[in-house]
Amino acid sequence: MTLIERSFNIKLMRHKDENKSEAIFEATIQLLNEIGFSDISMSKIAKRADVSSATIYVYFENKEDMLGKLYVRVKERMSRQLLLLVDENLPLQVLCERFMRNSLRFMMNNKDDFMFLEQFSTSPLMDKLCLEDTSSMFTPLYDLIEKGKQNGELKPLETILILTYCYFPVAQLARAHFKGQFQASEENLQQIMKMSWDAIRN
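As numbered in full-length UniProt numbering, residues 1 to 202 make up the sequence shown, in order.
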């Protein structure tokens, strides 16, 4: 086998490995949203992902290891969407509104990911797993909020509290939409963005 052929085979194997791990992740998210944390098992995940149970242990030490890595993976996907077009040169109110629009877009376009994060955040597993700190994924956003507090545009509250006023109203809108209670319409989003801005501005 030539060096080029060996290199091609290594790349092909790596691609296949990535496909399998992604299939395992997606199967886990689907099952968690369907049956919850208490009833999920590695065998059920393997069946849904169309791999053997032994294959899962090639990629992950155990169920807890897999769930922790899945959580970080989904948060990475989420952070990329939430920070899209967030430019420090824009007015702070526009930035907050863009963050809220990005949040709603992520929730509407990635319902499985959103529901997984919702369920995970209220699970006792959050306290049991040694999860990687994901706050650094949102550093640009934290920095903009800190800047807004320093120049007096925002109330002198904890940064995480200010972001809560921007994120959770949108999350509630998405939940209500998925439950069929009311639509995640532009009009409703506009009202929520105005209320959130009124709550955090100085």
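Note that CB positions come from ideal geometry on N, CA and C, so glycine has one too.
Does the Cβ-Cβ distance between residue i and residue j come in under 8 angstroms?
i	j	result
L32	K44	no
V74	D113	yes
Q81	N62	no
I56	I24	yes
L173	L83	no
T28	M66	yes
L90	G148	no
E88	L157	no
Roughly how far, in whole angstroms, is the beta-carbon of residue i from the beta-carbon of residue j, given that I think they are within contact range, below 8 angstroms?
i	j	result
E132	V94	With 8 angstroms as the limit, E132 and V94 do not qualify as a contact, their Cβ atoms being about 32 angstroms apart.
M193	E97	5 angstroms
M115	E76	Not really, about 17 angstroms apart at Cβ, beyond 8 angstroms.
F37	S123	5 angstroms
Tell me which residue opens and which closes the alpha helix (DSSP H) that residue i is part of.
i	result
Q172	159–178
Q119	111–121
L84	From DSSP, L84 is part of no alpha helix (DSSP H); its letter is neither H nor E.
D42	The sequence as given places Met at residue 42; Asp does not occur at that position. Note, M42: alpha helix (DSSP H), 42–49.
G148	139–150
T55	53–59
K194	186–200
Measuring alpha carbon to alpha carbon, tell me which residue in the options is nearest residue i.
i	options	result
V51	F116, E26, P91, V86	E26
S21	I40, D143, L70	L70
T139	I160, Q119, I29	I160
T164	P91, M100, N188	M100
F168	S135, L189, L157, K47	L189
W197	A184, I162, R48, S121	I162
The region 168–182 in contact with the region 103–119 per 3-pair CB rule at 8 angstroms: yes
If we count Cβ pairs, one from each stretch, closer than 8 angstroms, do we get three or more for the region 147–158 versus the region 189–202? Inter-segment contact for the region 147–158 and the region 189–202 is present: three or more beta-carbon pairs are separated by less than 8 angstroms.
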